[in-house]
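Quick note on my numbering: the sequence shown kicks off at 351 and runs consecutively. A virtual CB, placed ideally from N, CA and C, is assigned to each residue, including glycine. Since we're looking at a predicted model, the values are computed, not measured. Accompanying notes for the structure given below.
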Amino acid sequence: MLSWLPLRLCHALALPLGWLLDRLPLRKQAVIDTHLALAFPELDALARRRLRRAHWVEMARLALEMGAVWHWSERRLLRHIVAVEGWEHVAEASARGQGFLLVGAHLGNWEILSLYVSLRLPMTCLYKAPANARVDALLTDSRQRFGGRLVASGSPAMRELLKALRAGGGIGLLADQQPKQGEGVFAPLFGVPALTMTLVNRLARRTGCAVLLASTRRLSGGRGWTIRFEPAGDRIADEDPATANSILHRWLEARIREAPAQYLWSYKRFSIRPPDASPLYPR
């Protein structure tokens with residue numbers, strides 16, 4: 351039913367829904383408030399309160415956009431991708447046959463990003479498979495409908511990703527998810543140590559693939575989305591994974607500041623802390 355609605359109407363419906371979510375006594379409110387205080391210390395309490403409300407509106411829009419993500423046709427989807435910046439970097443890497451790694455984040459509508467790329471080039475994306483088999487089938491069918499391929503995270507995933515890169519194809523992943531203890535390194539994000547996966551750095555070093563940073567942004571008035579691709583630079587393959595992750599975080603901070611309400615602030619990004627650091631989130 352959502353896929354039948356105009357995007358402009360979906361975005362308008364998100365306004366009252368977002369305001370309602372902002373007023374509910376949800377546990378996520380404290381998590382969001384903690385993150386906004388860390389990321390934007392220059393804002394006063396009222397400004398951060400308004401930003402939290404705007405964030406809930408954007409999360410409601412993200413949810414209402416699932417009709418587009420799961421069911422829109424190629425023609426309708428492309429009509430709402432208003433601008434694409436930096437595609438030449440992806441095309442050049444693909445033409446060289448060296449393989450390319452697209453690194454995204456939970457900003458804007460990250461599902462639109464993988465759909466767009468899979469329309470133009472062979473694409474394999476890493477994802478976390480739901481426990482429910484029916485939900486997993488729904489997600490994979492919708493995400494793979496334009497020719498993309500999904501690989502569930504886990505032990506065999508690394509082998510599949512390496513195979514795709516060495517064949518000259520592209521892979522995509524979201525790098526702002528907290529790994530398990532012992533599977534990442536700490537790097538500052540908004541001045542706070544954040545445990546971050548080393549997978550991007552390892553893939554870049556082992557294959558010599560081109561690493562490109564990809565982001566989406568939701569436009570106002572239900573007009574659609576914009577997409578940006580930019581080279582990560584040679585230091586993303588630095589021998590020190592913490593150096594590589596610091597580059598990722600500087601890029602992420604810059605993109606978040608362009609559209610702060612559209613980032614997934616409710617995710618507990620700093621729940622695993624360095625051994626000598628105290629917890630950040632209130633009990």
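- For S596 and R495, the gap between their C-alpha atoms comes out near 35 Å.
- Here P624 has F536 and P543 as same chain residues with Cβ atoms under 7 Å from its own Cβ, once five neighbours each way along the sequence are excluded.
- Rounded to the nearest whole angstrom, the C-alpha separation of A380 and K618 is 11 Å.
- Cβ-Cβ distances below 7 Å link M416 to L352 in the same chain, with the five nearest sequence neighbours on each side left out; the list follows chain order.
- With respect to the 7 Å criterion, V561 and A582 are classified as neighbours on the basis of their beta carbons.
- With a cutoff of 7 Å on beta-carbon distance, L598 and A525 are scored as near each other.
- Straight-line spacing of the CA atoms in L563 and G534 works out to 19 Å.
- Residue state for L428 is assigned as helix, using DSSP reduced to three classes.
- With fewer than 16 other beta carbons inside 10 angstroms of its own, S570 counts as exposed.
- Listed in chain order, the alpha helix (DSSP H) runs fully inside the stretch 582-628 are 591-608, counting runs of at least 4 residues.
- Just measuring C-alpha positions, the residue of G558, L545 and R398 sitting nearest K530 is L545.
- Contact between L452 and V434 fails: their C-beta atoms lie close to 13 Å from each other, not under 8 Å.
- The criterion of a C-beta distance shorter than 7 Å is not satisfied by V407 and L457.
- Closest in alpha carbon position to G436, among R578, A627 and R516, is R578.
- Every beta strand (DSSP E) stretch that sits fully inside the stretch 451-514 and reaches 3 residues is listed by chain position as 473-477 and 499-502.
- Distance from L427 to A441 at the Cβ level is roughly 19 Å; contact not present, criterion being Cβ atoms closer than 8 Å.
- Check the Cα spacing between L465 and each of S444, D486, R425 and N482: the tightest is with R425.
- Counting the other Cβ atoms within 10 Å of the Cβ of W575 gives 16 or more, which makes it buried.
- Annotation for A560: no alpha helix (DSSP H) segment contains it, though the beta strand (DSSP E) segment containing it runs A560 to R568.
- Inclusion of G368 and A413 in the CB contact set at 7 Å is not warranted, their separation being larger than that value.
- Going by C-alpha positions, W460 is about 7 Å away from S565.
- Contact between the stretch 515-524 and the stretch 473-480 is established, with three or more Cβ pairs separated by less than 8 Å.
- The C-beta of D590 has fewer than 16 other C-beta atoms within 10 Å across all chains shown, which makes the residue exposed.
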